[in-house]
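Notes follow the structure.
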Amino acid sequence: MSETQSQKRVMPYVRLGKSGLKVSRIILGCMSYGTSSWQDWVLDEEESMKHIKAAYDLGIQTFDTANVYSNGHSEIVLGKAIKEYNLPRDEIVVMTKHWFPVARTQKEILYNKNVDEYGYVNQHGSSRKHIFESVKHSLERLQLDYVDVLQCHRFDGETPIEETMQALHDVVQAGFVRYIGMSSCDAWQYYAITHNLTPFISMQNHYNLLYREEEREMMPTLRYFGVGSIPWSPLARGNLSRPFGGETTRTKSDPWASGYGPSFTKAIIDRVEEIAKKRSVSMAQIALAWLLTKDVVSAPIVGTTSIAKLEDTVKALDIKLTAEEVAYLEEKYEPRAVFGHSSAGGI
């Protein structure tokens, strides 16, 4: 048997919150990987697997997906990539989510529908039944014995908190899950579900230069409990990676890409572009470098449909913004409506 000598990596790894679990400083978001029949901008299986391998080669060993992405096919693709490229299970971190229903066909989108009326009774939310069923199906799709972090995709206001947390504790005790996390909820909801069973170690919240409402209550709450923030949409659905007004396949078809419409948006994007030009780097690197200045942020979740852009985003780790640059980027922000805590606000 041939042996491969260990290679030194430049990617830093950090503990997720105050847990012992280490994640790469940039997490690969797998919403972009699965099948284009779900959404036009999603990569199909073959190209998706190439991106997952490229990310691992760059030192990214943490992968975030969800049962709902491509209606389960994102998990299937990630699982296939892990097996195809022999990614070491004792090193990589696989994160998935439950809550949304998984449609029976890859092209269906069930957001904002009364899914019970479409035959999805007990197949959504955070009831004990659905948590166990969702984990079972996710493991089947991923072809894994366990996931490292199971996240509640949304807060379930219909299920008793005690039931949800006991079920999450029990899937950990059963060995199906190693850690648990939360995503996209209010600070009071997060506080309400924190207790003495298996604790949450992460919060996957909506946070970027164009959406900073999390700084009011959620970030102080996470800091108090020692929970790591792993922001989704750190580039604001790509709006922070290109000059204002630019369009992509995703902006034309993603119903949530247009959610960054407040009047201050252009001013902030222009400043990101200005600093990027001064430093001769990409706008995406500046936007991510800003996030990495926040002490409660463990790692942003980045998803791309271009390997070149994936390689570019990793370079954000080399950028250290000055205090003056951070203040300049933040100066034009104004309070805005909460966005991203419901199925109508993105996933």
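Following full-length UniProt numbering, the numbering of the sequence shown begins with 1 at its first residue and continues without gaps.
Ideal Cβ placement from N, Cα and C applies to all residues, glycine included.
Looking only at C-alpha atoms, which of the options sits nearest to residue i?
i: Ile286; options: Val326, Lys22, Asp116; result: Val326
i: Tyr207; options: Pro199, Tyr224, Ser183; result: Ser183
i: Asp270; options: Arg223, Arg104, Cys30, Glu331; result: Glu331
i: residue 364; options: Ala55, Tyr224, His98; result: With the chain represented from 1 up to 347, any question about residue 364 goes unanswered, as that position is not in the structure.
i: Ser37; options: Gly238, Ser19, Tyr69, Ile131; result: Tyr69
i: Met165; options: Phe100, Tyr146, Ile131; result: Ile131
i: Thr305; options: Phe264, Glu324, Gly238; result: Gly238
i: Phe225; options: Glu213, Trp232, Asn196; result: Asn196
i: Cys30; options: Gly79, Phe264, Leu209, Val121; result: Gly79
i: Arg104; options: Val94, Gly119, Thr96, Asp312; result: Gly119
i: Met49; options: Ala323, Ile307, Tyr333; result: Ile307
i: Ile268; options: Gly245, Glu47, Tyr333; result: Tyr333
i: Arg89; options: Tyr146, Asp156, Lys18; result: Tyr146
i: Thr265; options: Arg279, Phe244, Glu274; result: Phe244
Under 9 angstroms, do residue i and residue j count as touching if we go by C-beta distance?
i: Leu216; j: Ala192; result: Sequence check: residue 216 is Arg here, not Leu. Not in contact: Arg216 and Ala192 (Cβ atoms no closer than 9 angstroms).
i: Ile60; j: Val77; result: no
i: Leu235; j: Val314; result: no
i: Val227; j: Val296; result: yes
i: Ile92; j: Thr62; result: yes
i: Leu144; j: Ile82; result: yes
i: Ser138; j: Glu75; result: yes
i: Ser233; j: Leu16; result: no
i: Leu21; j: Asp148; result: yes
i: Gln151; j: Gly34; result: no
i: Val102; j: Asn71; result: yes
Can you tell me which of the three DSSP states residue i falls into?
i: Leu150; result: strand
i: Gly181; result: strand
i: Asn112; result: coil
i: Trp232; result: strand
i: Asp145; result: coil
i: Asp64; result: strand
i: Ser202; result: strand
i: Asn239; result: helix
i: Ala344; result: Note on Ala344: pLDDT 47, under 50, position unreliable in the model; the coordinate value appears next. Helix.
i: His130; result: helix
i: Arg336; result: coil
i: Gly79; result: helix
i: Tyr120; result: coil
i: Leu28; result: strand
i: Asn86; result: coil
i: Val93; result: strand
i: Val208; result: Strictly speaking, residue 208 in this sequence is Asn, with Val absent from that position. Three-state result, Asn208: strand.
i: Ala308; result: helix
i: Leu222; result: helix
i: Arg15; result: strand
i: Ile193; result: coil
i: Lys22; result: strand
i: Ile275; result: helix
i: Met1; result: Caution applies to Met1, whose pLDDT of 42 falls short of 50 and renders its modelled position unreliable; the value that the coordinates give is listed next. It is coil, neither helix nor strand.
Please check the pair residue i and residue j, which I expect to be a contact at CB under 8 angstroms, by giving their CB distance rounded to whole angstroms.
i: His124; j: Val115; result: 6 angstroms
i: residue 395; j: His153; result: Look at the range of the chain in this structure, 1 to 347, and you will see that residue 395 is not part of it.
i: Gln204; j: Gly175; result: That belief does not hold up - the Cβ atoms of Gln204 and Gly175 are roughly 23 angstroms apart, past 8 angstroms.
i: Val272; j: Leu222; result: Actually they are not in contact, since the Cβ atoms of Val272 and Leu222 sit about 25 angstroms apart, beyond 8 angstroms.
What residues in its chain sit with their C-beta under 8 angstroms from that of residue i, if we drop five residues either side in the sequence?
i: Ala276; result: Ser282, Met283, Gln285, Ile286
i: Ala344; result: The predicted model places Ala344 with a pLDDT of 47, which falls under 50 and marks its position as unreliable; any figure quoted below should be read in that light. Within the same chain, Ala344 has close Cβ partners Tyr111, Asn112.
i: Ser241; result: Leu235, Ser282, Met283, Ala284, Ala287, Lys309
i: Tyr56; result: Tyr85, Leu87, Ile92
Can you list, in chain order, the residues of its chain whose CB lies under 7 angstroms from that of residue i, leaving out five sequence neighbours each side?
i: Pro12; result: Arg25, Leu317
i: Thr293; result: Leu321, Val326
i: Ala289; result: Ala316, Ile319, Leu321
Skipping 5 residues on each side, what residues in its chain have a beta carbon closer than 6 angstroms to that of residue i?
i: Arg9; result: Gly59
i: Pro335; result: none
i: residue 371; result: Lying before the first or after the last residue shown, residue 371 is absent from the chain, which here runs from 1 to 347.
i: Ala167; result: Arg128, Ile131
i: Ser298; result: Val14, Leu16, Gly228, Ile230
i: Met219; result: Val296
i: Thr65; result: Cys30, Ser74, Glu75, Leu78, Thr96
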